[in-house]
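> Submitted below is the structure of interest, expressed as structure tokens.
This is the structure we're talking about:
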């Protein structure tokens, strides 16, 4: 079963606009990660935020984490057509190792 | 460094057959995880291997199995294929102590 839900399921924006997507999860986590997937290909790691962090930036990406609400958000600023992809949050929790529990994903379409 | 490679990239099988998928991690990575991605269930964790030992396991039936070799390459096997096993199978590797996973392009399996 999936750890969380992502909202919205799909998003359509114009180039240059910002895109925001949210993720909720169910159990306590060690960290939360965001991945991008282009057209059914492999996933690309974007950013990782640990449970004791509240906000993290990487280039045009900004991630926030609210452990009290068990939620995270990913903001992509000044979007480009190349940002068109599906975005997934993934929770790492529990025992040692690299088991990720993914959300359902947000499909983002950036129109030129 | 070469990325994670998966072979074959595409596979067509019929119900009842078995299949073996292969994953070669990035050099130096010792953890290999496998995920199944379907439109209905999304991305689901299958299992993780580290130093030839299964370290984590998801909620899949025993028809799904895996192994890891001394060079960290991993294989997963699905026996007695069912139509519902049609999916994109992704493997991911990570460096010891790192929580970031690097995904391969996936093997798309179609069961007829």
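Chains as they are written, first to last, in this note's numbering: chain Z, 1 to 112; chain D, 1 to 112. Every residue, glycine too, gets a C-beta built ideally from N, C-alpha and C. Note that the coordinates shown come from a computational prediction; the quantities given were computed from them, not determined experimentally.
Between the stretch 46 to 57 of chain D and chain Z, which residues of the former have CB atoms less than 8 Å from a CB of the latter, in chain order?
48, 50, 55, 56
> Suppose the cutoff is 7 Å on Cβ atoms and the five residues either side in sequence are ignored; what does the same chain contact list for residue 5 (chain Z) look like?
Taking the first residue of the first chain as position 1, residue 5 (chain Z) is located at position 5. Leaving aside the five residues that flank residue 5 (chain Z) on each side, the residues in its chain whose CB is nearer than 7 Å to its CB run, in chain order, 24, 103, 104.
> Between the Cα of residue 109 (chain D) and those of D:7, D:2, D:3, D:1, spot the shortest distance and give me the residue it belongs to.
Residue mapping note: residue 109 (chain D) aligns to position 109 of the second chain, counting from 1. For residue 109 (chain D), the nearest C-alpha among the options comes from D:7.
> Can you check whether the C-beta of residue 2 (chain Z) is within less than 8 Å of a C-beta belonging to chain D?
Taking the first chain and counting its residues from 1, the one referred to as residue 2 (chain Z) is at position 2. Confidence at residue 2 (chain Z) is low in this model, with a pLDDT of 46, below 50, so its placement is unreliable and the value that follows should be read with caution. So yes, residue 2 (chain Z) belongs to the interface.
> Let me confirm a value: residue 91 (chain D) is counted as buried when at least 16 other C-beta atoms fall within 10 Å, else exposed. Which label applies?
As a position in the second chain, residue 91 (chain D) is number 91, starting the count at 1. That one is buried.
> Run down chain D in chain order and give the residues with a C-beta less than 8 Å from the C-beta of residue 92 (chain Z).
Locating residue 92 (chain Z) in the first chain gives position 92, counting from the first residue. Residue 92 (chain Z) reaches chain D at 99, counting residues in chain order whose Cβ is nearer than 8 Å.
> Just grab the DSSP bridge partners of residue 57 (chain Z) for me.
Stepping through the first chain from its first residue, residue 57 (chain Z) is reached at position 57. Z:62.
> If you reduce the DSSP assignment to three classes, tell me which class residue 40 (chain Z) lands in.
One-based indexing of the first chain puts residue 40 (chain Z) at position 40. Looking at residue 40 (chain Z) - three-state DSSP - the assignment turns out to be coil, as it is neither helix nor strand.
> Quick check: is the beta carbon of residue 26 (chain Z) nearer than 8 Å to any beta carbon in chain D?
Within the first chain, residue 26 (chain Z) is the residue found at index 26, counting from 1. Taking a beta-carbon distance threshold of 8 Å, residue 26 (chain Z) does not count as an interface residue toward chain D.
> Where does residue 84 (chain D) fall in DSSP's three states?
As a first step, residue 84 (chain D) is located in the second chain; it is residue number 84 there, counting from the start. Three-state DSSP puts residue 84 (chain D) in a helix.
> Could you please give the first and the last residue of the uninterrupted beta strand (DSSP E) stretch that includes residue 13 (chain Z)?
In the first chain, residue 13 (chain Z) corresponds to position 13, counting from 1. Where residue 13 (chain Z) is concerned, the enclosing beta strand (DSSP E) stretches over 10 to 14.
> Taking only the alpha-carbon atoms, compute the straight-line gap between residue 17 (chain D) and residue 14 (chain Z) and give it to the nearest angstrom.
In the second chain, counting from the first residue as 1, residue 17 (chain D) sits at position 17. In the first chain, counting from the first residue as 1, residue 14 (chain Z) sits at position 14. Cα to Cα, residue 17 (chain D) sits roughly 47 Å from residue 14 (chain Z).
> Return the Cβ separation of residue 51 (chain Z) and residue 67 (chain Z) in integer angstroms, given the expectation that the two are a contact with Cβ distance under 8 Å.
Taking the first chain and counting its residues from 1, the one referred to as residue 51 (chain Z) is at position 51. Taking the first chain and counting its residues from 1, the one referred to as residue 67 (chain Z) is at position 67. By a beta-carbon distance limit of 8 Å, residue 51 (chain Z) contacts residue 67 (chain Z). Their separation comes to about 6 Å.
> Assuming residue 75 (chain D) and residue 22 (chain D) are in contact, meaning their beta carbons sit under 8 Å apart, how far apart are those beta carbons, in whole angstroms?
Within the second chain, the letter at position 75 stands for residue 75 (chain D). Within the second chain, the letter at position 22 stands for residue 22 (chain D). The pair is a contact, with the Cβ atoms about 5 Å apart (cut-off 8 Å).
> Can you give me the Cβ contacts of residue 7 (chain Z) inside the same chain, cut-off strictly under 6 Å, excluding the 5 residues immediately before and after it?
Along the first chain, one-based indexing puts residue 7 (chain Z) at 7. Once the five neighbours on either side are set aside, the close Cβ partners of residue 7 (chain Z) are 22.
> With a 10 Å radius around its C-beta and 16 neighbouring C-beta atoms as the bar for buried, classify residue 1 (chain Z) as buried or exposed.
The residue labelled residue 1 (chain Z) in the question sits at position 1 within the first chain. Confidence is the limiting factor: at residue 1 (chain Z) the pLDDT is only 42, short of 50, which leaves the residue's position unreliable, though a coordinate-based value still follows. Its Cβ having fewer than 16 others within 10 Å, residue 1 (chain Z) is exposed.
> Per the contact definition of three or more C-beta pairs closer than 8 Å, is the stretch 34 to 49 of chain D in contact with the stretch 61 to 80 of chain D?
yes
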